[in-house]
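Let me begin by presenting the structure, written as structure tokens, before commenting on it.
Protein chains: 2
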Amino acid sequence: MKSDLLSRRDLDFLLFEWLGIDELTKRERFADHSAETFSDVLDLCEELATHYFAPHNKRSDANEPTFDGSTVTVIPEVKEALDAFAAADLIGLSMDQRFGGSQLPMAVAQAGFAYFAAANVATSGYVMLTTANANLLTKFGTAEQIATFVTPMLSGRFSGTMALSETQAGSSLADILTRAEPQEDGSYRLFGSKMWISGAEHEMTDNIVNLVLAKIPGGPAGTKGISLFIVPKFLVGDDGSIGERNDVALAGLNHKMGQRGITNTVLNFGDGTHRPGGQPGAVGYLIGEPHRGITYMFHMMNEARLGVGMGAVALGYTGYLKSLEYARSRPQGRPATAKDPSTPQVPIIEHPDVKRMLLAQKAYVEGALALELYCGRLVDWQHSAESDDELQRSTDLLDILTPVGKSWPSQWCLEANSLAIQVHGGYGYTREYDVEQLYRDNRLNPIHEGTHGIQSLDLLGRKVIQRGGASLAELGRVIATTIAEANAAGGELTEPAAALTAAWSRLVSVTAGMFASGDIDAALANSVVYLEAFGHLVIAWIWLEQLCAAHGKTGDFYDGKRQAAQYFFRYELPKTGPQLDLLERLDHTTLEMRDAWF
Amino acid sequence: MKSDLLSRRDLDFLLFEWLGIDELTKRERFADHSAETFSDVLDLCEELATHYFAPHNKRSDANEPTFDGSTVTVIPEVKEALDAFAAADLIGLSMDQRFGGSQLPMAVAQAGFAYFAAANVATSGYVMLTTANANLLTKFGTAEQIATFVTPMLSGRFSGTMALSETQAGSSLADILTRAEPQEDGSYRLFGSKMWISGAEHEMTDNIVNLVLAKIPGGPAGTKGISLFIVPKFLVGDDGSIGERNDVALAGLNHKMGQRGITNTVLNFGDGTHRPGGQPGAVGYLIGEPHRGITYMFHMMNEARLGVGMGAVALGYTGYLKSLEYARSRPQGRPATAKDPSTPQVPIIEHPDVKRMLLAQKAYVEGALALELYCGRLVDWQHSAESDDELQRSTDLLDILTPVGKSWPSQWCLEANSLAIQVHGGYGYTREYDVEQLYRDNRLNPIHEGTHGIQSLDLLGRKVIQRGGASLAELGRVIATTIAEANAAGGELTEPAAALTAAWSRLVSVTAGMFASGDIDAALANSVVYLEAFGHLVIAWIWLEQLCAAHGKTGDFYDGKRQAAQYFFRYELPKTGPQLDLLERLDHTTLEMRDAWF
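In structure tokens, the structure reads:
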């Protein structure tokens with residue numbers, strides 16, 4: 001199948017030639033699989049994404065969900081797509097077989113999922129949330145909770161949401177006000193309001209399983225007093241039947257710039273719209289222990305953050321392919337040195353500046369895709385670690401790469417979408433073409449699941465220094481390994497290997513200097529600059545990895561990899577120079593700025 | 001009046017304290033005016049923009065023009081706004097008094113117009129096009145053409161458009177196909193189709209004056225065979241009465257990501273929908289001489305490009321002010337060093353990273369506004385030059401600054417809008433707030449009136465080398481003057497003056513090296529990198545100019561200027577280092593990329 005969603009050739013290169021993902025089948029967890037089943041899954045995902053998700057992408061953007069005061073209406077193609085997804089057993093793709101999943105490697109599941117995000121990021125949001133919800137419940141829920149809620153999510157009867165934020169508490173979850181009052185039967189009653197809940201309140205599944213953060217009265221202040229609850233839209237009988245309506249009520253829909261096809265809601269819990277069992281409050285079931293909700297949620301959130309990153313990659317990647325196709329087919333202008341107006345116009349791909357815009361997109365989206373798949377394999381190593389040391393090292397590395405895996409694609413694959421518009425010229429700015437929607441859709445990614453600012457504090461204020469700098473050291477170790485391999489190979493790898501060596505060593509010394517200074521305020525005031533420099537270094541390393549994997553191989557595909565890598569090393573990596581200068585001198589400009597001066 | 005459209009304090013600083021715009025009243029052209037009339041015009045513009053343009057900005061975005069096959073419907077508030085604008089005599093604000101204009105300085109007219117663009121860029125597009133159209137006609141039209149078409153445009157009875165592009169000819173105007181056949185009575189009949197025509201086909205004015213590029217059969221190939229015609233929607237009688245319908249027919253509306261409130265059309269000329277005088281073809285009247293259409297249009301286009309730049313500034317500026325207001329009123333989180341969750345949340349403006357995002361916006365939008373007003377004053381100097389030398393120098397400088405004045409705000413004030421969204425968090429991504437629309441609206445600006453790529457070729461391939469490098473030399477001279485003033489002042493001006501000295505001298509030597517190399521293909525392949533580096537240098541110089549104007553003055557406003565300048569010099573100007581490195585070695589990466597490698 002030839003589609004413009006993703007490049008299967010690139011996926012095969014990254015998964016098999018580079019990451020050697022088939023090696024995972026030697027491990028017990030993945031022993032039932034083979035390179036062939038991995039390949040079949042990708043075929044299936046591409047086919048379903050093409051036939052069920054892509055065709056209504058524009059229509060669901062132009063016809064966002066509506067609320068008439070009682071019912072939310074979503075265009076019917078969305079349900080058809082979700083049903084097809086569930087019928088193909090894709091919700092539990094990476095989940096343990098004991099819970100009904102397929103136990104495929106995360107790297108393969110991610111790659112498969114990227115097809116759906118590229119085809120229709122809004123509709124795929126419903127299944128992404130259901131998957132994340134189900135994964136969390138299998139990890140921390142009871143057997144009964146799993147049977148009651150996870151099993152019907154896997155079959156597509158139920159869907160799931162994550163209800164964290166409140167209007168007054170977005171980035172600052174410590175300030176949520178929703179409360180959960182314990183009942184005599186061991187259940188809870190919830191009262192409060194949640195904001196930005198995607199995938200909530202629709203009629204496409206028999207039930208919606210909301211995972212809700214709330215505070216049990218009397219608990220500690222801040223995040224240490226937050227617990228996690230299952231609050232279904234309908235109560236469920238012991239036999240799995242749909243029972244009474246729970247007191248979960250839609251207060252309103254948010255209207256977004258993009259990703260319009262998925263409901264995004266303000267949800268009220270326990271506002272008296274319904275009275276389950278004749279009592280006030282929304283019935284909730286505690287997950288795990290009280291006051292540990294943030295820990296459970298963060299377990300899910302790391303995977304969700306990589307999921308956001310992969311969503312950004314998918315949007316960037318399909319925009320790149322669409323603009324490439326446009327550039328090949330659109331005649332306009334003539335070479336700079338051949339201005340004779342009587343000669344035919346040439347396809348715009350022949351103009352060097354158009355090649356620059358395509359090459360930049362290629363460098364961004366292929367670099368970012370490779371990073372996400374690398375992180376996916378780290379998750380797989382965690383899930384199948386054969387020693388404590390392997391588990392620790394995978395975890396250290398994944399910890400420090402996660403803020404980059406979330407933020408870098410959110411920034412640079414959005415920039416890729418902007419370049420895709422620019423390649424199209426005026427056409428790209430219209431809804432008659434596809435790329436303007438991708439740009440709108442992708443603009444959400446630097447915001448949700450932790451803004452850029454939050455990611456930068458996570459990186460510099462936590463991940464870099466955790467366990468005595470063990471994560472940073474582990475990343476340094478794998479980078480050094482790549483550089484050694486590149487230097488051994490020589491040839492076209494010498495220049496980028498030298499550039500990465502210099503840049504990484506500078507980052508390490510700048511980082512040490514920032515902490516040695518004791519001027520933590522200035523360090524944190526520049527944390528986003530740090531995140532951006534760090535991210536570019538990580539992607540440079542990922543490109544050097546790809547160069548190693550392509551080394552000695554001939555053909556257009558590998559030449560393209562080499563040229564994109566060269567672009568990244570020459571046009572992008574040098575941007576980190578001024579950023580590191582700024583960090584080195586711990587610039588105080590923003591810190592010293594005063595409200596009254598604006 | 002306190003509005004969030006623009007900062008009047010900043011406008012007053014730039015126009016009066018920095019540019020000394022009241023000095024212009026000593027010149028004959030502006031002798032009827034005073035600082036007071038300038039100020040009154042700004043008051044009037046702010047008031048009309050606030051009362052007639054801002055209130056329907058969201059509504060016209062959500063209810064774009066519709067076409068039922070015969071009539072285009074635009075929400076009624078648009079006509080009310082256009083009528084109010086015309087009734088206040090604003091269309092001819094900078095036009096000669098002999099044509100019915102107010103003959104105000106361009107710098108003042110631009111500043112006034114920026115209020116309308118900030119309030120509602122789509123609705124203000126109608127009047128901007130009418131103004132540009134009328135200005136072109138007064139310059140190149142006959143007395144009769146001016147009387148017939150310009151006078152009713154000034155009063156608001158007629159409106160104007162610019163019809164250049166065709167579906168197959170956007171950036172490459174040489175390839176237009178619309179033909180104009182001469183008639184015995186001296187008029188022409190036009191046949192062809194035009195694309196991307198904003199402000200065409202609506203019922204809000206009695207007539208629409210389309211300025212249309214077309215080829216007279218038998219003329220030279222390419223741009224040298226293009227002529228310019230007036231093609232009104234309705235023919236106009238000798239007494240100014242509206243006559244027969246001309247054969248200008250709407251083929252369809254384009255549906256854009258932003259700027260949705262203004263019609264954007266495909267227009268057919270002479271397709272037989274109407275038969276004026278019983279004959280086929282759209283009646284057109286030649287402007288000036290045959291085959292000189294591109295020259296006339298380019299005269300208008302330079303002002304239009306600065307107009308696009310100012311539109312981008314206006315959108316960036318109002319987004320900055322809206323995000324500033326939000327940051328001051330939104331409590332969220334606590335200082336990094338005070339995590340006690342029982343303390344109240346602080347307004348987000350107290351977080352250093354939010355200050356960074358606000359300071360970046362301030363540095364972008366105030367720098368870009370200052371550049372546009374500086375260019376406006378150059379136009380005023382051209383219009384009132386007291387010597388050939390002054391005229392030549394103003395022209396040289398304006399020529400080289402125009403591609404920057406068009407592209408820099410289009411890039412960086414769009415980035416400001418993205419930061420305004422980011423400051424708002426999730427709210428910024430919703431249509432319930434204002435900033436997402438600004439971001440969508442602003443994304444057009446790097447495309448129309450010559451894309452970034454076109455601007456970069458204009459800069460490097462034409463403006464830098466024209467007249468033996470006279471434009472570049474003149475810019476170097478004024479920059480050196482600023483640096484000398486800064487060095488004489490000393491203090492906080494020393495560091496930025498030194499940075500600019502070094503960066504400018506490097507740009508000059510890199511530019512010389514690029515041309516000396518003879519490798520013009522590689523130079524032009526990196527023209528966008530050149531444009532970006534050049535633009536940042538120009539804005540750094542503009543910030544140094546502002547620092548000079550603020551020197552020795554005390555108070556929050558001036559401290560804010562100093563801090564924003566410091567931000568630009570420390571966080572932005574250093575970005576030019578790697579760009580100049582790349583240009584210096586004339587990188588071939590994009591040039592060598594091949595279609596088959598993508």
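The listed protein sequences derive, respectively, from chains A and B.
According to UniProt numbering, the stretch in the first sequence is residues 1 to 598, in order.
According to UniProt numbering, the stretch in the second sequence is residues 1 to 598, in order.
Using N, Cα and C, we set each Cβ at its ideal position, and we do this for glycine too.
Bear in mind the structure is a predicted one, so any value in this text is a computation, not a measurement.
Asked: Three-state secondary structure (DSSP) of P290 (chain A); Found: coil
Asked: Short CB-CB distance (under 8 angstroms) between Y574 (chain B) and chain A; Found: Strictly speaking, residue 574 (chain B) in this sequence is Pro, with Tyr absent from that position. Closer than 8 angstroms: yes.
Asked: CB contact below 8 angstroms: Q543 (chain B) versus chain A; Found: Here the sequence assigns Trp to residue 543 (chain B), which means Gln is not the residue at that position. No, W543 (chain B) lies away from the interface with chain A (no Cβ there is under 8 angstroms from its Cβ).
Asked: Spatial distance of M593 (chain B) from M310 (chain A) (CA atoms); Found: 27 angstroms
Asked: Neighbour flag for F196 (chain A) against chain B, beta carbons, 8 angstroms; Found: Rather than Phe, the amino acid found at residue 196 (chain A) in this sequence is Trp. Yes, its Cβ sits closer than 8 angstroms to a Cβ of chain B.
Asked: Closer than 8 angstroms to chain B by CB, G333 (chain A); Found: yes
Asked: CB contact below 8 angstroms: W597 (chain B) versus chain A; Found: yes
Asked: Stretch pair the segment 31-51 of chain B + the segment 68-79 of chain B: three plus CB contacts closer than 8 angstroms; Found: no
Asked: Chain B within 8 angstroms of R328 (chain A), Cβ atoms only; Found: yes
Asked: Selection from B:L586, B:E415, B:F569 and B:I226 that minimises the alpha carbon distance to D587 (chain A); Found: B:F569
Asked: Every unbroken beta strand (DSSP E) inside the segment 251-296 of chain A [3 residues or more]; Found: 264-269 and 282-286
Asked: DSSP bridge partner residues for N207 (chain B) (one or two, in chain order); Found: B:F158
Asked: Three-state class that DSSP yields for residue 599 (chain A) in the structure shown; Found: With chain A represented from 1 up to 598, any question about residue 599 (chain A) goes unanswered, as that position is not in the structure.
Asked: Residue from B:E64, B:P232, B:A107 and B:S124 with nearest C-alpha to L378 (chain B); Found: B:A107
Asked: Proximity winner among B:M162, B:E203 and B:R275, relative to F191 (chain B) (alpha-carbon distances); Found: B:R275
Asked: Three-way DSSP call (helix, strand, coil) for T430 (chain A) in this model; Found: strand
Asked: Residues sharing a beta bridge with V248 (chain A), DSSP; Found: A:F269
Asked: Distance CB(G405 (chain B))-CB(L369 (chain B)) smaller than 8 angstroms; Found: no
Asked: Three-way DSSP call (helix, strand, coil) for E46 (chain A) in this model; Found: helix
Asked: CB contact flag (I447 (chain A), Q422 (chain B), <8 angstroms); Found: yes
Asked: Beta-carbon proximity of G316 (chain B) to P403 (chain B), cut-off 8 angstroms; Found: no
Asked: Length of the line joining the Cα atoms of F229 (chain A) and A565 (chain B); Found: 50 angstroms
Asked: Coarse secondary structure for A180 (chain A), derived from DSSP in three states; Found: strand
Asked: Residue range of the alpha helix (DSSP H) that includes L547 (chain B); Found: S527 to A550
Asked: H551 (chain B) beta carbon less than 8 angstroms from that of R489 (chain B); Found: Checking the sequence shown, residue 489 (chain B) turns out to be Ala, not Arg. Contact flag set, yes.
Asked: Minimum Cβ-Cβ distance from V528 (chain A) to chain B less than 8 angstroms; Found: yes
Asked: Residue-chain proximity (Y317 (chain A), chain B), Cβ-Cβ < 8 angstroms; Found: no
Asked: Status (buried if at least 16 other CB within 10 Å, exposed otherwise) for E436 (chain A); Found: buried
Asked: Own chain residues within Cβ distance below 8 angstroms of H291 (chain B), not counting five before or after; Found: I216, G219, P220, K224, G225, I226 and S227
Asked: Cβ neighbour criterion (16 or more within 10 Å) applied to N417 (chain B); Found: buried
Asked: Whole-angstrom C-beta distance between S165 (chain A) and M195 (chain A), which should lie under 8 angstroms; Found: 5 angstroms
Asked: Per DSSP, cross-strand counterpart(s) of F229 (chain B); Found: B:V212 and B:L286
Asked: Assigned secondary structure, M357 (chain B) (DSSP; H/G/I helix, E/B strand, else coil); Found: helix
Asked: Backbone secondary structure at M593 (chain A) - three-state DSSP; Found: coil
Asked: Residue-chain proximity (K355 (chain A), chain D), Cβ-Cβ < 8 angstroms; Found: Going by chain labels, chain D is absent from the structure shown, which instead holds the protein chains A and B.
Asked: Residues that L324 (chain B) contacts on chain A, provided the C-beta gap is smaller than 7 angstroms; Found: F598
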